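>
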Amino acid sequence: MTPCPCGSALDYAACCGRWHAGPEHLQAPSAEALMRSRYSAFVRGLGGYLLDTWHSSTRPDVLDANEPGLRWLGLEVKRHRLIDDAHAEVEFVARSKLAGRAHRLHETSRFVREGGRWYYVDGDVR
Numbered sequence: 075m076t077p078c079p080c081g082s083a084l085d086y087a088a089c090c091g092r093w094h095a096g097p098e099h100l101q102a103p104s105a106e107a108l109m110r111s112r113y114s115a116f117v118r119g120l121g122g123y124l125l126d127t128w129h130s131s132t133r134p135d136v137l138d139a140n141e142p143g144l145r146w147l148g149l150e151v152k153r154h155r156l157i158d159d160a161h162a163e164v165e166f167v168a169r170s171k172l173a174g175r176a177h178r179l180h181e182t183s184r185f186v187r188e189g190g191r192w193y194y195v196d197g198d199v200r
């Protein structure tokens with residue numbers, strides 16, 4: 075068993091791995107599931123997935139790779155709020171370590187659903 079980086083306690087293939095590959099690609103069923111799969115994509119260096127799940131209105135042209143030596147340490151989902159059928163927010167804390175220094179990203183991310191698929195739009199860092 076390969077634990078999923080998102081912290082769900084499920085096997086990667088049964089959790090975020092199913093969104094990262096195959097016919098279900100990009101079809102996470104909720105904004106929270108998409109956010110968790112995006113965290114796992116950062117951990118696994120899946121830049122293509124991150125760009126594919128980023129809404130076209132805010133998506134960068136290029137996404138820089140993780141810095142050498144960066145270690146992702148964990149994800150905590152604080153809350154998930156469905157605003158309406160097409161909009162949601164997810165507040166999370168992602169922890170990492172680089173060059174011996176611990177880092178924390180605390181963000182409230184906004185998501186939109188278009189054509190039945192959720193996309194990351196942007197977020198406010200806290």
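Mind the numbering: the sequence shown is residues 75 to 200 in the numbering used here, read in order.
C-beta atoms are modelled at their ideal positions from N, C-alpha and C, and glycine is treated no differently.
From a predicted model like this one, the values you see are computed outputs, not experimental measurements.
Might you give, ordered along the chain, the residues of its own chain that have their beta carbon closer than 6 angstroms to the beta carbon of residue 200, omitting 5 neighbours on each side?
Within the sequence shown, residue 200 is the residue found at index 126, counting from 1. 180, listed in sequence order.
> Excluding five sequence neighbours on each side, which residues of the same chain lie with their C-beta closer than 6 angstroms to the C-beta of residue 82?
Within the sequence shown, numbered from 1, the residue matching residue 82 stands at position 8. These residues qualify, in order along the chain: 89.
> Run through the segment 97-125 for me and flag every whole alpha helix (DSSP H) of 4 or more residues, listed as ranges in chain order.
As far as the segment 97-125 is concerned, its whole alpha helix (DSSP H) runs of at least 4 residues are 105-118.
> Can you look up residue 153 in the DSSP assignment and give me helix, strand or coil?
As a working note, residue 153 is residue 79 in the sequence shown. Looking at residue 153 - three-state DSSP - the assignment turns out to be strand.
> Measuring only the C-alpha atoms, how far is residue 138 from residue 110?
Within the sequence shown, residue 138 is the residue found at index 64, counting from 1. Within the sequence shown, residue 110 is the residue found at index 36, counting from 1. Looking at the two C-alpha atoms, the distance is approximately 19 angstroms.
> So what's residue 178 in DSSP terms, helix, strand or just coil?
Counting from one through the sequence shown, the residue named residue 178 turns up at place 104. Residue 178 falls in the strand class under three-state DSSP.
> Which first and last residues belong to the alpha helix (DSSP H) in which residue 91 is found?
Counting from one through the sequence shown, the residue named residue 91 turns up at place 17. Where residue 91 is concerned, the enclosing alpha helix (DSSP H) stretches over 91-94.
> Around the C-beta of residue 77, are 16 or more other C-beta atoms found within 10 angstroms, so that it is buried, or is it exposed?
Position 3 of the sequence shown, counting from 1, holds the residue named residue 77. Exposed: under 16 other Cβ atoms inside 10 Å.
> In angstroms with no decimal places, state the Cα-to-Cα distance between residue 134 and residue 80.
Your numbering for residue 134 matches position 60 in the sequence shown. Your numbering for residue 80 matches position 6 in the sequence shown. Their Cα atoms are separated by approximately 23 angstroms.
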